[in-house]
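One structure below.
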Amino acid sequence: MTTIQFRRQLIVILLLCVAAIAAVVRHFAAPDSTVRHVSTVMMLLWLPVIGSIVGWCYGKLRRPPAPDTPPDFAPAQAFQPHALVEITLRESSVPAENVPKQAGEHRCVLVVGSQGFQMRWQLPPGELLRQGETRQVPMEFLSPQMALALCPPGTAFRMLVGDTFVGDGRIVRVPV
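Just so we're aligned, residue 1 is where the sequence shown starts under our numbering, counting upward by one.
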């Protein structure tokens, strides 16, 4: 459970407790007294909770089923480069995360404008790529026919891993 979910749950519990206490106070208060009127208003605190629960249920009913897992590179598929790109990794805001990329395969999403394409790139054995350093590397697209149609040589792009842009680059040559 995330912190926000925990806080929302805590708020719902507190509002329902205040409404229950107000109901007890209202029951024992004299008719037409200020205490009875205030406790009546305090009982109304549960209404937003019910509205939230109804909204949550409505959202669950209307939500389409989760899509199948997205396509991925086949586990045993050999690396087949589709383009030569020039990339520069961005510095991380957390200094401890500024470690050089090791040799091997790396995956990210290549973002051009509002379009994103899954891709992987490789560093040859024995090489490192540090943040801020520019290097030409071969790249393979998961859907090359779609990506290459929108990425002619000279196209600038950003590299997305998770929800963070980790680098920038441009297409140098197609096909390799």
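The beta-carbon is built from N, C-alpha and C at its ideal position, and this holds for glycine as well.
Using the rule of at least 16 other Cβ atoms within 10 Å of the residue's Cβ for burial, across every protein chain shown, is residue i buried or exposed?
{"i": "M159", "result": "buried"}
{"i": "C57", "result": "exposed"}
{"i": "G59", "result": "exposed"}
{"i": "L128", "result": "exposed"}
{"i": "E97", "result": "exposed"}
{"i": "G169", "result": "buried"}
{"i": "H37", "result": "exposed"}
{"i": "A22", "result": "buried"}
{"i": "A83", "result": "buried"}
Restricting to Cα atoms, I'd like to know which of the options is closest to residue i.
{"i": "L14", "options": "M43, D32, V38, F28", "result": "M43"}
{"i": "E91", "options": "L45, D32, T134", "result": "T134"}
{"i": "A20", "options": "V35, L45, R173", "result": "L45"}
{"i": "A207", "options": "L61, E105, A22, P67", "result": "Since the first residue shown for the chain is 1 and the last is 176, residue 207 is missing from the structure and cannot be characterised."}
{"i": "S52", "options": "S93, L16, G162", "result": "L16"}
{"i": "M146", "options": "M1, V112, R8", "result": "V112"}
{"i": "I171", "options": "T155, D163, V161, T164", "result": "T155"}
Assuming contact is defined by CB atoms lying nearer than 9 Å, are residue i and residue j in contact in what I supplied?
{"i": "V18", "j": "C108", "result": "no"}
{"i": "T40", "j": "R26", "result": "yes"}
{"i": "R130", "j": "K101", "result": "yes"}
{"i": "V49", "j": "V12", "result": "yes"}
{"i": "V85", "j": "Q136", "result": "yes"}
{"i": "F157", "j": "L110", "result": "yes"}
{"i": "P125", "j": "A103", "result": "yes"}
{"i": "G116", "j": "L89", "result": "no"}
Taking residue i and residue j to be in contact with their CB atoms under 8 Å, please state how far apart those CB atoms are, rounded to whole angstroms.
{"i": "Q122", "j": "P138", "result": "6 Å"}
{"i": "R173", "j": "P153", "result": "6 Å"}
{"i": "F141", "j": "L148", "result": "7 Å"}
Alpha helix (DSSP H) runs contained entirely in the region 31-71, provided each spans 4 or more residues = The region 31-71 contains these whole alpha helix (DSSP H) runs: 34-43, 46-62.
inquiry  = Which runs of the alpha helix (DSSP H) at least 4 residues long sit entirely within the region 86-135? Give them in chain order.
reply    = Taking only runs of at least 4 residues, no alpha helix (DSSP H) segment lies wholly in the region 86-135.
inquiry  = At 3 residues or longer, what runs of the beta strand (DSSP E) sit wholly inside the region 141-175?
reply    = Correct list: 156-161, 164-173.
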